[in-house]
Amino acid sequence: MFKEIEKYAEYEWNKRKNREKEKCFNYKSSEFLKNPALIFGRLIPYPDDSDGKDSPDNKQECLELVVGEMEKLNEEINNRGFSIAARYGYAVKGLETYGFKTRNLQLSLLWRIIVGLGASHPQETSMTLHHIYGIPYIPGSAVKGITRHWVILNKFNNDEQKALKNEEFKEIFGTQEKEGEVIFFDAYTCGKIKLVIDIMNPHYSKYYSGLESPTDYQSPNPIKFLALEKTKFNFYVASKNKKLLSIALDYLKEALLQHGIGAKTSIGYGFFKV
Numbered sequence: 001m002f003k004e005i006e007k008y009a010e011y012e013w014n015k016r017k018n019r020e021k022e023k024c025f026n027y028k029s030s031e032f033l034k035n036p037a038l039i040f041g042r043l044i045p046y047p048d049d050s051d052g053k054d055s056p057d058n059k060q061e062c063l064e065l066v067v068g069e070m071e072k073l074n075e076e077i078n079n080r081g082f083s084i085a086a087r088y089g090y091a092v093k094g095l096e097t098y099g100f101k102t103r104n105l106q107l108s109l110l111w112r113i114i115v116g117l118g119a120s121h122p123q124e125t126s127m128t129l130h131h132i133y134g135i136p137y138i139p140g141s142a143v144k145g146i147t148r149h150w151v152i153l154n155k156f157n158n159d160e161q162k163a164l165k166n167e168e169f170k171e172i173f174g175t176q177e178k179e180g181e182v183i184f185f186d187a188y189t190c191g192k193i194k195l196v197i198d199i200m201n202p203h204y205s206k207y208y209s210g211l212e213s214p215t216d217y218q219s220p221n222p223i224k225f226l227a228l229e230k231t232k233f234n235f236y237v238a239s240k241n242k243k244l245l246s247i248a249l250d251y252l253k254e255a256l257l258q259h260g261i262g263a264k265t266s267i268g269y270g271f272f273k274v
């Protein structure tokens with residue numbers, strides 16, 4: 001066994017040293033189910049261009065691998081009847097034995113969503129995937145943050161200082177001195193998980209860098225990234241105050257329907273429908 005590992009390691013070393021064009025994604029094996037989050041975060045393609053830079057083909061192949069493994073994981077979840085959203089819902093409902101009241105909101109994506117696009121990642125673009133389950137999800141901090149932002153924007157004319165003088169606002173979202181009375185939980189998909197490879201194609205990269213004017217002779221710079229398409233999410237909130245809970249849920253719904261969540265909301269990403 002050790003001889004085989006040593007032999008394979010030597011082959012990999014020689015292949016990289018000689019900068020061979022052949023790429024080796026051995027994790028495509030279908031012998032076992034793999035965690036897409038680990039593949040996306042740890043299986044980073046190595047440089048194989050003659051100038052030592054990452055090959056665009058490598059990135060494309062890595063993203064295709066993540067999409068493929070997500071499809072297998074989704075199929076396995078459906079076949080086994082293992083609903084992560086349902087299990088999470090049971091856990092949230094368990095808080096009711098401690099005096100909390102819980103509410104949930106199930107909404108469908110209008111088109112696509114990207115959460116965590118700007119997070120640090122070797123491939124320039126990222127995506128928030130659960131480190132254990134491997135599936136896309138929306139962190140509770142993002143859910144609370146976008147709800148708070150929407151309330152300040154629409155109820156207080158984008159004046160945060162004015163909002164912080166409002167007792168109801170402070171009770172729901174909290175302040176630096178006191179935590180809020182409403183808990184916003186992570187949101188999980190409760191339908192088919194459909195990952196797609198999306199693309200943004202800036203044409204004036206030197207202009208955006210402040211180096212040149214936006215002239216037509218500059219070359220496009222296509223950047224590929226992962227997005228989640230047309231699925232449903234379950235959003236949960238909890239509080240010991242029934243009135244605040246109802247208000248917070250209404251705010252959350254309005255924020256998701258009217259403002260969106262995640263990256264690129266200005267061009268239609270991250271919006272939901274009932």
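Its first residue numbered 1, the sequence shown is counted upward by one per residue in UniProt numbering. Positions of the beta carbon are idealized from the N, C-alpha and C atoms, including for glycine.
Which whole-angstrom value is the C-beta distance of residue i and residue j, which I expect to be below 8 angstroms?
i: K232; j: N74; result: The pair is not a contact, with the Cβ atoms about 13 angstroms apart (cut-off 8 angstroms).
i: G260; j: I114; result: With 8 angstroms as the limit, G260 and I114 do not qualify as a contact, their Cβ atoms being about 11 angstroms apart.
i: G134; j: A37; result: 4 angstroms
i: I44; j: L65; result: At roughly 12 angstroms, the Cβ-Cβ gap does not stay under 8 angstroms, so I44 and L65 are not in contact.
i: I181; j: N241; result: In the sequence on display, residue 181 carries Glu and not Ile. 5 angstroms between Cβ atoms; contact.
i: I172; j: L244; result: 5 angstroms
i: T147; j: Y251; result: 5 angstroms
i: L110; j: E76; result: Between E76 and L110 the Cβ distance is about 28 angstroms, and since that is not below 8 angstroms, they are no contact.
Near residue i, what residues of its chain come up, given a Cβ to Cβ distance below 6 angstroms and the 5 sequence neighbours on each side ignored?
i: R112; result: A227, E229 and Y269
i: A119; result: S126
i: Y137; result: H130, D186 and Y188
i: V67; result: L195
i: H203; result: P220
i: E177; result: none
i: Q123; result: K59
Taking only three categories from DSSP, how would you classify residue i?
i: Y98; result: helix
i: G174; result: strand
i: V67; result: helix
i: V274; result: coil
i: F184; result: strand
i: I197; result: strand
i: K165; result: coil
i: K192; result: coil
i: H259; result: coil
i: K264; result: coil
Closer than 7 angstroms by C-beta to residue i: which residues in its own chain qualify, once you throw out the five before and the five after it? Chain order, please.
i: L256; result: L107 and F272
i: N93; result: The displayed chain sequence assigns Lys, not Asn, to residue 93. Here the set comprises T102.
i: N96; result: The identity of residue 96 in the sequence shown is Glu, whereas the question assumes Asn. Closer than 7 angstroms at Cβ, skipping near neighbours: T102.
i: P214; result: Y204 and Y207
i: K253; result: L105
Can you list, in chain order, the residues of its chain whose CB lies under 8 angstroms from that of residue i, leaving out five sequence neighbours each side?
i: D159; result: I152
i: G83; result: The sequence shown places Ser at residue 83, not Gly. So the list reads I77 and C190, once near-sequence residues are dropped.
i: C149; result: Just to set this straight, residue 149 is His in the shown sequence, not Cys. Excluding sequence neighbours, H149 sits near A255 and H259.
i: E247; result: Contrary to the premise, residue 247 reads as Ile rather than Glu in this sequence. Closer than 8 angstroms at Cβ, skipping near neighbours: E168 and I172.
i: Q60; result: I197 and K224
i: N201; result: P220, N221, P222 and I223
Please tell me whether residue i has its Cβ less than 7 angstroms away from any Cβ of chain C.
i: E171; result: Although the question refers to chain C, the structure presented lacks it and comprises just one protein chain.
At a cut-off of 6 angstroms, is residue i close to the ligand NAD when judged by its beta-carbon and the heavy atoms of the ligand?
i: L65; result: Among the components of this structure there are no ligands whatsoever, and the ligand NAD is therefore not found.
Give, in chain order, every unbroken run of the alpha helix (DSSP H) that is at least 4 residues long and sits entirely within the segment 199-249. 205-208
For the segment 139-154 against the segment 179-199, do three or more pairs of beta-carbon atoms, one drawn from each stretch, fall closer than 8 angstroms, so that the two count as touching? yes
Taking 8 angstroms as the cut-off, does the segment 221-237 touch the segment 193-210 (at least 3 CB pairs, one atom from each stretch)? yes
Does the segment 127-139 touch the segment 153-161, meaning 3 or more C-beta pairs lie closer than 8 angstroms? no
The segment 158-165 touching the segment 204-222, judged by at least three CB pairs closer than 8 angstroms: no
What beta strand (DSSP E) runs, 3 residues minimum, are completely inside the segment 99-143? 101-109
Three or more C-beta pairs under 8 angstroms: does that hold for the segment 89-106 against the segment 63-81? no
Spell out a yes or no on whether the segment 235-242 and the segment 83-100 are touching, meaning 3 or more CB-CB pairs, one atom from each, closer than 8 angstroms. yes
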